[in-house]
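Chains as they are written, first to last, in this note's numbering: chain A, 81 to 243; chain B, 81 to 243.
Using N, Cα and C, we set each Cβ at its ideal position, and we do this for glycine too.
Number of protein chains: 2
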Amino acid sequence: MTTMEHPPTMKARITTPGDRDVRIERIFNAPRERVWQAMTDPELVAQWWGRGNRLVIEKLELKRGGHWRFVEHSDHGVHGFEGRFAEVTPPERVVQTFEWDGMPGHTALETMTLEDLGDGRTRLVTTSLFLTAEDRDGMLQSGMEGGLNESYAALDRVLAAMA
Amino acid sequence: MTTMEHPPTMKARITTPGDRDVRIERIFNAPRERVWQAMTDPELVAQWWGRGNRLVIEKLELKRGGHWRFVEHSDHGVHGFEGRFAEVTPPERVVQTFEWDGMPGHTALETMTLEDLGDGRTRLVTTSLFLTAEDRDGMLQSGMEGGLNESYAALDRVLAAMA
């Protein structure tokens with residue numbers, strides 16, 4: 081156990097366990113309940129998911145079978161994202177589909193888990209399963225890593241402000 | 081080329097080219113434009129998709145990125161199905177996602193093609209790609225084959241009535 085703060089430039093660890101999946105791991109300096117809240121309360125999600133861009137949360141029906149839909153408004157255009165919840169188990173697990181309007185039908189299934197590390201920190205692990213290896217590779221090459229790290233840095237700030 | 085009518089008990093040919101997919105092939109005694117119409121006009125779809133059960137077509141936004149949602153009302157309960165269109169190319173090709181409310185997140189990607197056989201008949205081929213082999217096997221074991229043949233027999237009758 082360390083009492084050091086993680087550096088502000090902390091990156092998510094992105095790996096590819098198989099040819100159709102992506103695994104993302106990131107530790108947050110906040111207890112699990114707080115991370116869960118920041119990831120599920122629409123007003124808080126709107127503060128970090130869009131990395132500074134305006135985010136309209138059209139739907140966030142946080143239950144099995146419920147739908148979600150976020151629309152990000154940036155200088156470069158309007159991008160919609162949506163999916164459906166397969167499992168919602170507070171404060172530790174969400175399974176949902178994910179689809180970008182720009183590539184309808186290229187659905188991925190995301191499993192997000194929050195692990196309480198017991199020292200006021202929380203490990204986030206998200207695994208995404210794509211229908212094809214091409215879909216997975218397309219996601220990796222889309223600049224997703226930079227966007228993800230920006231989102232998580234914004235989430236760090238939201239979590240600090242909640243403390 | 082044959083001029084024989086197919087027998088009224090004609091079955092779809094269901095095969096499994098890989099461990100995550102299902103291929104369905106069925107010939108209809110109707111020209112392609114008519115089959116396309118019966119598969120895309122909500123009033124006609126409602127007459128066969130539910131195999132005699134009442135079918136409420138909540139959404140049928142037949143374009144890339146559009147959504148569809150059908151709810152079947154039977155003596156055994158209410159079942160919702162939904163998805164999103166990835167491609168709509170009349171009168172020959174539709175690509176869409178498919179999901180049953182009872183198993184949210186277990187999304188399949190369906191590619192449906194209609195081939196004009198030139199003699200007043202049309203070959204329908206649908207390939208479904210599932211996220212996992214378990215999802216595919218679950219679909220095969222769900223009684224899907226019987227339901228499919230009932231739907232297509234009802235579609236035969238709709239096509240005959242349209243002639």
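Inset, instruction - Would you check if the segment 89 to 99 of chain B and the segment 147 to 156 of chain B touch, i.e. whether three or more CB-CB distances between them fall below 8 Å? - result: no
Legend entry - Unbroken stretches of the beta strand (DSSP E), 3 residues or longer, contained in the segment 194 to 228 of chain B: 202 to 210
Legend entry - Cα-Cα separation, B/N133 to B/Q221: Position 53 of the second sequence, counting from 1, holds the residue named residue 133 of chain B. Position 141 of the second sequence, counting from 1, holds the residue named residue 221 of chain B. Using only the alpha carbons, I get a separation of about 21 Å.
Inset, instruction - For chain B, find out if any of its Cβ atoms is closer than 8 Å to the Cβ of A/D101; answer yes or no. - result: On the first sequence, residue 101 of chain A is found 21 positions in, with the first residue counted as 1. By this cut-off, A/D101 is not an interface position.
Legend entry - DSSP-derived helix/strand/coil call for A/T83: Counting from 1 along the first sequence, the entry for residue 83 of chain A is found at position 3. Confidence is the limiting factor: at A/T83 the pLDDT is only 47, short of 50, which leaves the residue's position unreliable, though a coordinate-based value still follows. A/T83: coil per DSSP, three-state reduction.
Legend entry - Contacts that B/R173 makes with chain A (C-beta to C-beta distance below 7 Å): Walking along the second sequence from the start, residue 173 of chain B turns up at place 93. Result: empty, since nearest Cβ-Cβ is about 13 Å, beyond 7 Å.
Inset, instruction - Quick one: give me the first and last residue of the alpha helix (DSSP H) that A/E123 is part of. - result: By one-based count along the first sequence, residue 123 of chain A stands at place 43. It spans P122 to W128 - the alpha helix (DSSP H) in which A/E123 sits, taken as one unbroken run.
Inset, instruction - Closer than 8 Å by beta-carbon distance: list the chain B residues that pair up with A/Q176, in chain order. - result: Taking the first residue of the first sequence as 1, we reach residue 176 of chain A at position 96. In chain order: G185.
Legend entry - Among A/D155, A/E105, A/S154 and A/T212, nearest to A/L228 - alpha-carbon criterion: By one-based count along the first sequence, residue 228 of chain A stands at place 148. Nearest option by C-alpha distance: A/E105.
Inset, instruction - Output yes if chain A places a C-beta closer than 8 Å to the C-beta of B/G145; else output no. - result: On the second sequence, position 65 is the one that residue 145 of chain B refers to. Yes, because at least one Cβ of chain A sits closer than 8 Å to the Cβ of B/G145.
Legend entry - Cβ-Cβ distance between B/L142 and B/F165 below 8 Å: Against the second sequence, residue 142 of chain B aligns to sequence position 62. Against the second sequence, residue 165 of chain B aligns to sequence position 85. Contact flag set, yes.
Legend entry - Per-residue DSSP class, three states only, for B/M192: Taking the second sequence and counting its residues from 1, one reaches residue 192 of chain B at position 112. Reduced to three states, the DSSP call for B/M192 is strand.
Inset, instruction - List the DSSP bridge partners of B/R164. - result: For the purposes of this step, residue 164 of chain B is taken as the residue at position 84 of the second sequence. Beta-bridge pairing links B/R164 to B/H147.
Inset, instruction - Using a Cβ cut-off of 8 Å (strictly closer), state whether A/R164 contacts chain B. - result: Along the first sequence, read from residue 1 onward, the residue named residue 164 of chain A stands at position 84. So, interface residue.
Legend entry - Three-way DSSP call (helix, strand, coil) for B/R106 in this model: Your numbering for residue 106 of chain B matches position 26 in the second sequence. Note: B/R106 maps to strand in three-state DSSP.
Legend entry - Assigned secondary structure, A/D99 (DSSP; H/G/I helix, E/B strand, else coil): Sequence index remark: in the first sequence, residue 99 of chain A carries index 19 (1-based). In this structure, A/D99 counts as coil in the three-state DSSP scheme.
Inset, instruction - Could you work out which residue in B/M224, B/A241 and B/L211 is closest to B/G98 when comparing CA atoms only? - result: Taking the second sequence and counting its residues from 1, one reaches residue 98 of chain B at position 18. The candidate whose alpha carbon is nearest that of B/G98 is B/L211.
Inset, instruction - Buried or exposed for A/T96, please, with buried defined as at least 16 other CB atoms from any protein chain shown within 10 angstroms of its CB. - result: Indexing the first sequence from 1 puts residue 96 of chain A at position 16. Exposed.
Legend entry - Neighbour flag for A/D236 against chain B, beta carbons, 8 Å: Looking up residue 236 of chain A in the first sequence gives position 156. Closer than 8 Å: no.
Inset, instruction - Please confirm if B/D181 has its CB atom under 8 Å from at least one CB of chain A. - result: As a first step, residue 181 of chain B must be located in the second sequence, where it is residue number 101. By this cut-off, B/D181 is an interface position.
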